[in-house]
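**Student:** My questions will all concern the structure given below.
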Amino acid sequence: MAQIHELSENLANQIAAGEVIERPASVVKELIENSIDAGSTRIRIDFIEAGLKQIVVQDNGSGISPDQIELAFTRHATSKINNEHDLFKVATLGFRGEALASIAAVSHAEILTSDGEHIGARAAFSGGVKKSQEDAAARKGTQITVRDLFFNTPARLKYLKSPRTEIMKIVDIVNRIALGYPQISITLSNKGKVLLRTPGNGNLKQTAANVYGRHIAEKMVEFKADDPDFEINGLLSKPELTRSTRNFMSILLNGRYIKNFKLLNSIMDGYGSRLGTKHYPVAIVRINVDPLLVDVNVHPTKQEVRLSKEKELSRLITTAISDAFINNAESGLDNLKTNSKPTLVDQLKFNLNKDVVTTKRKPEVHEEKVPIKPMVKAKYVDLNTPREDSRYIITSTWQENVQKQMQLSPFNEIASTDLVSVGDETLANNLPYLTFTGQINSYIIAQNNDDLYLVDQVAARRRLSFEKIQETILNKKIYEQGLLAPIVLDFNNLDFIQIKNKLDEIAKIGIHLEEFGQDSFIIRSYPTWIQGDVESSLREILDSYLNVNKSEATNLFKDIAIKQAHKEVSGRIKLSAVEAQNILTKLRKSSDPYHDPEGNLIIVRIRQNEIQKMFKKG
Numbered sequence: 001m002a003q004i005h006e007l008s009e010n011l012a013n014q015i016a017a018g019e020v021i022e023r024p025a026s027v028v029k030e031l032i033e034n035s036i037d038a039g040s041t042r043i044r045i046d047f048i049e050a051g052l053k054q055i056v057v058q059d060n061g062s063g064i065s066p067d068q069i070e071l072a073f074t075r076h077a078t079s080k081i082n083n084e085h086d087l088f089k090v091a092t093l094g095f096r097g098e099a100l101a102s103i104a105a106v107s108h109a110e111i112l113t114s115d116g117e118h119i120g121a122r123a124a125f126s127g128g129v130k131k132s133q134e135d136a137a138a139r140k141g142t143q144i145t146v147r148d149l150f151f152n153t154p155a156r157l158k159y160l161k162s163p164r165t166e167i168m169k170i171v172d173i174v175n176r177i178a179l180g181y182p183q184i185s186i187t188l189s190n191k192g193k194v195l196l197r198t199p200g201n202g203n204l205k206q207t208a209a210n211v212y213g214r215h216i217a218e219k220m221v222e223f224k225a226d227d228p229d230f231e232i233n234g235l236l237s238k239p240e241l242t243r244s245t246r247n248f249m250s251i252l253l254n255g256r257y258i259k260n261f262k263l264l265n266s267i268m269d270g271y272g273s274r275l276g277t278k279h280y281p282v283a284i285v286r287i288n289v290d291p292l293l294v295d296v297n298v299h300p301t302k303q304e305v306r307l308s309k310e311k312e313l314s315r316l317i318t319t320a321i322s323d324a325f326i327n328n329a330e331s332g333l334d335n336l337k338t339n340s341k342p343t344l345v346d347q348l349k350f351n352l353n354k355d356v357v358t359t360k361r362k363p364e365v366h367e368e369k370v371p372i373k374p375m376v377k378a379k380y381v382d383l384n385t386p387r388e389d390s391r392y393i394i395t396s397t398w399q400e401n402v403q404k405q406m407q408l409s410p411f412n413e414i415a416s417t418d419l420v421s422v423g424d425e426t427l428a429n430n431l432p433y434l435t436f437t438g439q440i441n442s443y444i445i446a447q448n449n450d451d452l453y454l455v456d457q458v459a460a461r462r463r464l465s466f467e468k469i470q471e472t473i474l475n476k477k478i479y480e481q482g483l484l485a486p487i488v489l490d491f492n493n494l495d496f497i498q499i500k501n502k503l504d505e506i507a508k509i510g511i512h513l514e515e516f517g518q519d520s521f522i523i524r525s526y527p528t529w530i531q532g533d534v535e536s537s538l539r540e541i542l543d544s545y546l547n548v549n550k551s552e553a554t555n556l557f558k559d560i561a562i563k564q565a566h567k568e569v570s571g572r573i574k575l576s577a578v579e580a581q582n583i584l585t586k587l588r589k590s591s592d593p594y595h596d597p598e599g600n601l602i603i604v605r606i607r608q609n610e611i612q613k614m615f616k617k618g
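Under the UniProt record's numbering, think of the first position of the sequence shown as 1, with each following residue one higher.
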């Protein structure tokens, strides 16, 4: 067995740095948190080559006196806690005393600082070792420059992502810190190009506008609530404004950005059914709580915390968000209320009760006379509801119908061989030719031989619209319409970076964006397949490109086509006989004439023998 020995201070520092400094964004986070703890009202961050070459963080905080600089870069040295009791009431962002030591252990670091009382000082560190210190002119505050990150631990570099991803990590953490401290002016730049600038006036909505873009901030609702233990407030996007991931939901506990799955779920619960499946809001939830109820000393990065009364906090968040939309007249809640007008008949129903008065004719002699029961409530059967008895067979899908026939037929014969499993590419060739015979509300009535067919015209038109748009996108048969006045689309810095890196992919579907100032694009024409309001449709489409890999491009095109088909076909219309027959003819040639793009049923068939059985003639 090898002999036990104590690690050298340099090696111990590098190991400790691995827990705290995972990537350039970790350096930015730790230095900004130090600046906030120092009472800064202005913080500037600039980085080069995704932070690997250089990171500079400058603030106007309290600064460090010259005689404490070396101590500040020593492990476990801090001014923020004094004894074990302080661990249970941590009110600062940093307290472990590892940040500066960990950063200096894996980089060339330089500090220029002044506490406003003594002459300023400049000191340099490399690989955790102090190289020099000298007096220097400096304003009150601190500037720390980190160069050549991981120069002495090159193995760390292989765990980093692409430069674009690392830049996005930096932008993301700075955005969240800015939302936690709207009273601090924060400026982030990449090689001098400003990515974020917040006013520092304490206005959360203005800060959100700088982070997420003005068009998002304008659609956010303020909320607040409290109980004996917690105070919460923040901003919530209206239900019509959503994102495809949870990345735009920020929970800030006493100003600290934290990750907590249960609290994220409580935000979603507050929205209830207002959001669609896999749609997530833009949410900023700020929580103020007595530090005694929080243990932040459970993870080196301090993003994971342990909360007392977490269930009570979750209920408070859910209730506050729900109440915010109920009390906000412009939240779109009115659209979710039950329509008081009579609902249009959207499903054909048959009265199957022999004791319901449907005619004044006297019963036939051979029938048993049954006393008539006036005003008996009829029992109706939905054509989409399967019924398993010997009288008739009605199923909700074609495949189920085939299976029922096979099970119940004494000869195990299928009445019609034109039925195949859903999703089969040969499906289109097996739908029989349908002849239009009439229309009732949103349903086309058609027939083939002696069978009756009901076709949901809205679902059918969406299927046809979807396939037309998808074919246009995939086959690049794109026509463009010029705009009389170009549209300027502004984005938050994180989205701008992602979209900028996907301009070539976006151009393939006929959307040509040009950079136009900071975090903005201008568009002068649009593809003619875009439906509805052009600007809102463009924003929705571009949002679909966020957080999507190239390998998912086909699914993305499908999703875009589905949404545009919904915009084009928003409801039923009155069809002429020619128009209805045209829909039936085109439907027969579609890739799946039985379901709309979202899987909803288009066609219901009622066999002749089923109709006869309903009238007791079979």
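Ideal Cβ placement from N, Cα and C applies to all residues, glycine included.
With a floor of 4 residues, list each alpha helix (DSSP H) that falls wholly inside the segment 200-235, ordered by position along the chain.
**Tutor:** DSSP runs (the alpha helix (DSSP H)) wholly in the segment 200-235: 204-212 and 214-217.
**Student:** Mark I4 as exposed unless 16 or more other C-beta atoms lie within 10 angstroms of its C-beta, in which case mark it buried.
**Tutor:** Within the sequence shown, residue 4 is the residue found at index 4, counting from 1. I4 comes out exposed.
**Student:** Just to confirm, is the Cβ distance from I440 to V455 under 7 Å?
**Tutor:** If you number the sequence shown from 1, residue 440 lands on position 440. If you number the sequence shown from 1, residue 455 lands on position 455. It is not a contact, given that the beta carbons lie outside the stated cut-off.
**Student:** With 16 other CB atoms within 10 Å as the buried threshold, where does Y280 fall?
**Tutor:** Locating residue 280 in the sequence shown gives position 280, where the first residue counts as 1. It is buried - the Cβ of Y280 has at least 16 other Cβ atoms within 10 Å.
**Student:** Could you name the residues of the same chain whose beta carbon sits closer than 7 Å to that of I562, not counting the 5 residues immediately before and after it, in chain order?
**Tutor:** By 1-based counting over the sequence shown, the position of residue 562 is 562. Once the five neighbours on either side are set aside, the close Cβ partners of I562 are F466, P597 and E598.
**Student:** What distance in whole Å lies between the Cβ atoms of V305 and L253, which are believed to be in contact at a cut-off of 8 Å?
**Tutor:** Residue 253 sits at position 253 when you count from the first residue of the sequence shown. Residue 305 sits at position 305 when you count from the first residue of the sequence shown. Indeed they touch by this definition, with Cβ atoms about 6 Å apart.
**Student:** Could you tell me which residues DSSP pairs with P432 in its beta bridges?
**Tutor:** Here residue 432 corresponds to residue number 432 of the sequence shown, with the count starting at 1. Looking at the DSSP assignment, P432 forms no beta bridge with any residue, so it has no partner.
**Student:** Quick check on N190: does DSSP put it in helix, strand or coil?
**Tutor:** As a first step, residue 190 is located in the sequence shown; it is residue number 190 there, counting from the start. Residue state, collapsed to three classes: strand.
**Student:** Note down, in chain order, each residue of its chain lying with its Cβ closer than 7 Å to the Cβ of I170, except the 5 sequence neighbours on either side.
**Tutor:** Numbered from 1 along the sequence shown, position 170 holds the residue referred to as residue 170. Same-chain partners within the cutoff: P24, A25, V28, F47 and G51.
**Student:** I'd like to know whether the C-beta atoms of I186 and I43 end up nearer to each other than 7 Å.
**Tutor:** Position 186 of the sequence shown holds residue 186. Position 43 of the sequence shown holds residue 43. Yes, the Cβ-Cβ distance between I186 and I43 is below 7 Å.
**Student:** Between the Cα of E30 and the Cα atoms of I103, L112 and S40, which residue gives the shortest distance?
**Tutor:** Here the question's residue 30 lines up with position 30 in the sequence shown. The residue with the shortest Cα to Cα distance from E30 is I103.
**Student:** Report the residue from N233, M249 and L293 whose alpha carbon sits nearest the alpha carbon of L316.
**Tutor:** To locate residue 316, count along the sequence shown from 1; it is residue 316. When only C-alpha atoms are compared, the closest one is N233.
**Student:** So, using beta-carbon positions, are I469 and I523 closer together than 7 Å?
**Tutor:** As a first step, residue 469 is located in the sequence shown; it is residue number 469 there, counting from the start. As a first step, residue 523 is located in the sequence shown; it is residue number 523 there, counting from the start. Against a cut-off of 7 Å, the Cβ pair of I523 and I469 comes out as no contact.
**Student:** Does the distance from the C-beta atom of D490 to that of S520 stay below 7 Å?
**Tutor:** For the purposes of this step, residue 490 is taken as the residue at position 490 of the sequence shown. For the purposes of this step, residue 520 is taken as the residue at position 520 of the sequence shown. Contact flag set, yes.
**Student:** State the DSSP-derived secondary structure class of E535, mapped to helix, strand or coil.
**Tutor:** As a position in the sequence shown, residue 535 is number 535, starting the count at 1. Three-state DSSP puts E535 in a helix.
**Student:** Can you give me the C-alpha to C-alpha distance between L241 and V282, rounded to a whole angstrom?
**Tutor:** Locating residue 241 in the sequence shown gives position 241, where the first residue counts as 1. Locating residue 282 in the sequence shown gives position 282, where the first residue counts as 1. If I take the Cα positions, the gap works out to 8 Å.
**Student:** Since V106 and T153 should fall inside the 8 Å C-beta cutoff, what is the C-beta to C-beta distance between them, to a whole number of angstroms?
**Tutor:** Taking the sequence shown and counting its residues from 1, the one referred to as residue 106 is at position 106. Taking the sequence shown and counting its residues from 1, the one referred to as residue 153 is at position 153. Sure, about 5 Å apart at Cβ, within 8 Å.
**Student:** Can you list, in chain order, the residues of its chain whose CB lies under 7 Å from that of K617, leaving out five sequence neighbours each side?
**Tutor:** Numbered from 1 along the sequence shown, position 617 holds the residue referred to as residue 617. So the list is empty, once near-sequence residues are dropped.
**Student:** Measuring alpha carbon to alpha carbon, tell me which of D227, P291 and R274 ends up nearest G255.
**Tutor:** Numbered from its first residue, the sequence shown carries residue 255 at position 255. Ranking D227, P291 and R274 by Cα distance to G255 puts P291 first.
**Student:** On the DSSP bridge assignment, give the partners of G438 in chain order.
**Tutor:** As a first step, residue 438 is located in the sequence shown; it is residue number 438 there, counting from the start. Answer is I445, bridged to G438.
**Student:** Specify, as a first and last residue, the run of the alpha helix (DSSP H) that E312 falls within.
**Tutor:** Numbered from 1 along the sequence shown, position 312 holds the residue referred to as residue 312. It spans E310 to N327 - the alpha helix (DSSP H) in which E312 sits, taken as one unbroken run.
**Student:** Could you spell out where the beta strand (DSSP E) holding K131 opens and where it closes?
**Tutor:** Within the sequence shown, numbered from 1, the residue matching residue 131 stands at position 131. First-last of the beta strand (DSSP E) with K131: V129 to D135.
**Student:** Hey, out of Q68, T207, I173 and A38, whose CA is closest to D59's CA?
**Tutor:** Counted from its first residue, the sequence shown places residue 59 at position 59. It is A38 whose Cα lies nearest to the Cα of D59.
**Student:** DSSP has N288 in a bridge; who is on the other side?
**Tutor:** Translated into positions along the sequence shown, residue 288 becomes position 288. According to DSSP, N288 bridges with E231.
**Student:** Just checking my contact of L188 with I287 at CB under 8 Å: how many whole Å lie between their CB atoms?
**Tutor:** Along the sequence shown, one-based indexing puts residue 188 at 188. Along the sequence shown, one-based indexing puts residue 287 at 287. Not a contact, Cβ separation roughly 25 Å.
**Student:** DSSP has F47 in a bridge; who is on the other side?
**Tutor:** Here residue 47 corresponds to residue number 47 of the sequence shown, with the count starting at 1. DSSP lists I55 and N190 as partners of F47.
**Student:** With hydrogens ignored, establish whether the beta-carbon of S536 is closer than 6 Å to any heavy atom of the ligand MG.
**Tutor:** Because no ligand of any kind appears in the structure shown, any question about the ligand MG cannot be addressed here.
**Student:** Please report how far the alpha carbon of K477 lies from the alpha carbon of F248, in whole angstroms.
**Tutor:** Residue numbering aside, residue 477 sits at position 477 when the sequence shown is read from its first letter. Residue numbering aside, residue 248 sits at position 248 when the sequence shown is read from its first letter. Approximately 35 Å between the Cα atoms of the pair.
**Student:** Considering only their Cβ atoms, is the gap separating A137 from G120 smaller than 7 Å?
**Tutor:** In the sequence shown, counting from the first residue as 1, residue 120 sits at position 120. In the sequence shown, counting from the first residue as 1, residue 137 sits at position 137. In contact: G120 and A137 (Cβ atoms closer than 7 Å).
**Student:** In whole angstroms, what separates the C-alpha of L149 from that of H118?
**Tutor:** By 1-based counting over the sequence shown, the position of residue 149 is 149. By 1-based counting over the sequence shown, the position of residue 118 is 118. Between L149 and H118, the C-alpha separation is close to 31 Å.
**Student:** Report yes or no: do three or more beta-carbon pairs, one from the segment 496-514 and one from the segment 528-545, lie closer than 8 Å?
**Tutor:** Flag = yes, the segment 496-514 and the segment 528-545 touch.
**Student:** For a minimum of 3 consecutive residues, which ranges assigned as the beta strand (DSSP E) are wholly contained in the segment 457-514?
**Tutor:** Entirely contained in the segment 457-514, the beta strand (DSSP E) runs reaching 3 residues are, in chain order, 480-490.
**Student:** Would you call the segment 577-594 in contact with the segment 449-464, where contact means no fewer than 3 C-beta pairs closer than 8 Å?
**Tutor:** With a cut-off of 8 Å, the segment 449-464 and the segment 577-594 count as touching, because enough Cβ pairs lie within range.
**Student:** Quick check on P527: buried or exposed, where buried means 16 or more other Cβ atoms within 10 Å of its Cβ?
**Tutor:** The residue labelled residue 527 in the question sits at position 527 within the sequence shown. Counting Cβ neighbours within 10 Å, P527 comes out buried, since at least 16 surround it.
**Student:** How long is the line joining the alpha carbons of K502 and G192, rounded to whole angstroms?
**Tutor:** Looking up residue 502 in the sequence shown gives position 502. Looking up residue 192 in the sequence shown gives position 192. For K502 and G192, the distance between alpha carbons rounds to 23 Å.
**Student:** Between M268 and R243, what straight-line distance do the alpha-carbon atoms span, to the nearest angstrom?
**Tutor:** In the sequence shown, residue 268 corresponds to position 268, counting from 1. In the sequence shown, residue 243 corresponds to position 243, counting from 1. Cα to Cα, the separation comes out at about 13 Å.
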